[in-house]
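>
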Amino acid sequence: KQEVTQIPAALSVPEGENLVLNCSFTDSAIYNLQWFRQDPGKGLTSLLLIQSSQREQTSGRLNASLDKSSGRSTLYIAASQPGDSATYLCAVSGNTPLVFGKGTRLSVIA
Amino acid sequence: EPEVTQTPSHQVTQMGQEVILRCVPISNHLYFYWYRQILGQKVEFLVSFYNNEISEKSEIFDDQFSVERPDGSNFTLKIRSTKLEDSAMYFCASHRGQRVTGELFFGEGSRLTVL
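So the protein lines, in turn, are chains A and B.
Going by the numbering used here, the first sequence opens with residue 1095, and the numbers climb by one from there.
Going by the numbering used here, the second sequence opens with residue 94, and the numbers climb by one from there.
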């Protein structure tokens, strides 16, 4: 059964700092990995989708990498801003529908 | 930009009552899903729907739950007799193309509170 773990559970950084969020999954037989952003009480906004054949994807200040064989992904956020404060969720799709981690709650302090 | 829309945004109901949550997926999408998130917990898969039938469901999706696509645009989740533990945020999602490689788009969610 696929399990997704995200570390750290919470992170607080000063504005302008670069940061890395980690995601690991137990079954490397995945088709893709997706990073989402969730604001309190709100829905899930897709940030980046990485197919299993890809190593990374970039969108603006965000860069996600995927190491399928070791079951890891990282989300790199450059030059963090207070508006980046949210919970970031990692989810993997394989033989089962999307399985989510519990998320990393990010606070960027001005 | 096309989006998944859900109604209601918040519903409060008494235990034992029936609830219907509604979703309008993105129009050219073929696969539809319901997920739920109990407060403070992970987002969990409930059911997927393709070609007018359930393609997969989780252990959570028991006989109290049903899904329907009544008119080609709406996608509904019905809970027949709500329990306290059904209180959660319910998310509808959709994607086009192949099930396993498509990017999943989520709605804003429907918060269900069972009293």
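A virtual CB, placed ideally from N, CA and C, is assigned to each residue, including glycine.
This structure is a prediction, so every number in the text was calculated from the model and none was measured.
From Leu-177 (chain B) to Ala-1172 (chain A), what distance separates their C-alpha atoms?
Here the question's residue 177 (chain B) lines up with position 84 in the second sequence. Here the question's residue 1172 (chain A) lines up with position 78 in the first sequence. Whole-angstrom Cα-Cα distance: 42 Å.
> Do you know offhand how far Gly-1197 (chain A)'s Cα is from Gln-157 (chain B)'s?
Translated into positions along the first sequence, residue 1197 (chain A) becomes position 103. Translated into positions along the second sequence, residue 157 (chain B) becomes position 64. The C-alpha of Gln-157 (chain B) is placed about 29 Å away from the C-alpha of Gly-1197 (chain A).
> If we cut at 9 Å on Cβ distances, does Lys-1196 (chain A) have a partner in chain B?
Start at 1 with the first residue of the first sequence, and residue 1196 (chain A) comes out as number 102. So yes, Lys-1196 (chain A) belongs to the interface.
> What's the gap between the Cα of Asn-1189 (chain A) and the Cα of Gln-110 (chain B)?
On the first sequence, residue 1189 (chain A) is found 95 positions in, with the first residue counted as 1. On the second sequence, residue 110 (chain B) is found 17 positions in, with the first residue counted as 1. Rounded to whole angstroms, Asn-1189 (chain A) to Gln-110 (chain B) spans 35 Å at the Cα level.
> Using DSSP bridges, identify the partner residues of Gln-171 (chain B).
To locate residue 171 (chain B), count along the second sequence from 1; it is residue 78. Residue identity differs from the one stated: residue 171 (chain B) is Lys in this sequence, not Gln. Answer is B:Ile-113 and B:Ser-159, bridged to Lys-171 (chain B).
> Taking 9 Å as the cut-off, decide whether the C-beta atoms of Trp-127 (chain B) and Leu-170 (chain B) are in contact.
The count along the second sequence starts at 1 and reaches residue 127 (chain B) at position 34. The count along the second sequence starts at 1 and reaches residue 170 (chain B) at position 77. Yes, the Cβ-Cβ distance between Trp-127 (chain B) and Leu-170 (chain B) is below 9 Å.
> Per DSSP, Thr-98 (chain B) is paired with what?
Numbered from its first residue, the second sequence carries residue 98 (chain B) at position 5. Looking at the DSSP assignment, Thr-98 (chain B) forms a beta bridge with B:Val-117.
> Mind listing the chain B neighbours of Lys-1136 (chain A)? Cutoff is C-beta to C-beta under 8 Å, in chain order.
Taking the first sequence and counting its residues from 1, one reaches residue 1136 (chain A) at position 42. Going along chain B in sequence order, the residues near Lys-1136 (chain A) (Cβ under 8 Å) are Glu-201 and Gly-202.
> Between Ser-1159 (chain A) and the rest of its own chain, which residues show a CB-CB distance below 6 Å, the 5 nearest in sequence each way excluded?
Here residue 1159 (chain A) refers to the residue found at position 65 when the first sequence is read from its first residue. Around Ser-1159 (chain A): Glu-1150 and Thr-1168.
> Counting only C-beta atoms, is Ser-180 (chain B) closer than 9 Å to chain A at any point?
One-based indexing of the second sequence puts residue 180 (chain B) at position 87. Judged by the 9 Å Cβ criterion, Ser-180 (chain B) is not in contact with chain A.
> How would you list, in chain order, the residues of chain B whose beta-carbon sits under 9 Å from the beta-carbon of Ser-1140 (chain A)?
Numbered from 1 along the first sequence, position 46 holds the residue referred to as residue 1140 (chain A). Neighbours of Ser-1140 (chain A) on chain B, chain order: Glu-196, Leu-197, Phe-198 and Phe-199.
> Under 9 Å between the Cβ atoms of Leu-123 (chain B) and Asn-144 (chain B)?
If you number the second sequence from 1, residue 123 (chain B) lands on position 30. If you number the second sequence from 1, residue 144 (chain B) lands on position 51. Cβ distance < 9 Å, so Leu-123 (chain B) and Asn-144 (chain B) count as in contact.
> What residues in the stretch 122 to 154 of chain B have a beta carbon less than 7 Å from any beta carbon of chain A?
Within the stretch 122 to 154 of chain B, the residues whose Cβ lies closer than 7 Å to some Cβ of chain A are Tyr-126, Lys-135, Val-136, Phe-138, Ser-141 and Glu-149, listed in chain order.
> In chain A, which residues lie less than 7 Å from Phe-184 (chain B) when you measure between Cβ atoms?
Working through the second sequence from its first residue, we reach residue 184 (chain B) at position 91. Near Phe-184 (chain B) (Cβ distances below 7 Å), the residues of chain A are Gly-1137 and Leu-1138.
> Going by other Cβ atoms of all chains shown within 10 Å of its Cβ, with 16 needed for buried, is Leu-208 (chain B) buried or exposed?
Position 115 of the second sequence, counted from the first residue, corresponds to residue 208 (chain B). Label assigned to Leu-208 (chain B): exposed.
> Distance, Cα to Cα, Arg-1131 (chain A) vs Ser-1140 (chain A)?
Taking the first sequence and counting its residues from 1, the one referred to as residue 1131 (chain A) is at position 37. Taking the first sequence and counting its residues from 1, the one referred to as residue 1140 (chain A) is at position 46. Those two C-alpha atoms are separated by around 7 Å.
> Buried or exposed for Glu-1111 (chain A), please, with buried defined as at least 16 other CB atoms from any protein chain shown within 10 angstroms of its CB.
Residue 1111 (chain A) sits at position 17 when you count from the first residue of the first sequence. The residue is exposed, with fewer than 16 neighbouring Cβ atoms inside 10 Å.
> Counting contacts by CB-CB distance shorter than 9 Å, is Leu-1183 (chain A) in contact with chain B?
The sequence position of residue 1183 (chain A) within the first sequence is 89, counting from 1. It does; some Cβ of chain B falls within 9 Å.
> In the structure shown, what three-state DSSP assignment does Glu-1109 (chain A) receive?
Position 15 of the first sequence, counted from the first residue, corresponds to residue 1109 (chain A). In the structure shown, Glu-1109 (chain A) sits in coil (DSSP, three-state: anything other than H, G, I, E or B).
> Does the beta-carbon distance from Gly-200 (chain B) to Glu-96 (chain B) come in below 9 Å?
The sequence position of residue 200 (chain B) within the second sequence is 107, counting from 1. The sequence position of residue 96 (chain B) within the second sequence is 3, counting from 1. Taking 9 Å as the Cβ cut-off, Gly-200 (chain B) and Glu-96 (chain B) qualify as a contacting pair.
> Within 9 Å (strictly less), CB to CB, does Gln-1175 (chain A) reach chain B?
Numbered from its first residue, the first sequence carries residue 1175 (chain A) at position 81. False, the Cβ-Cβ gap to chain B never drops below 9 Å.
> Just tell me which of B:Gln-130, B:Ile-119, B:Thr-98 and B:Asn-121 has its CA closest to the CA of Asp-179 (chain B).
As a working note, residue 179 (chain B) is residue 86 in the second sequence. Answer by Cα proximity: B:Gln-130.
> Of all Cβ atoms in chain B, is any one closer than 9 Å to the Cβ of Thr-1152 (chain A)?
Walking along the first sequence from the start, residue 1152 (chain A) turns up at place 58. Not closer than 9 Å to any Cβ of chain B, the Cβ of Thr-1152 (chain A) fails to qualify, so no.
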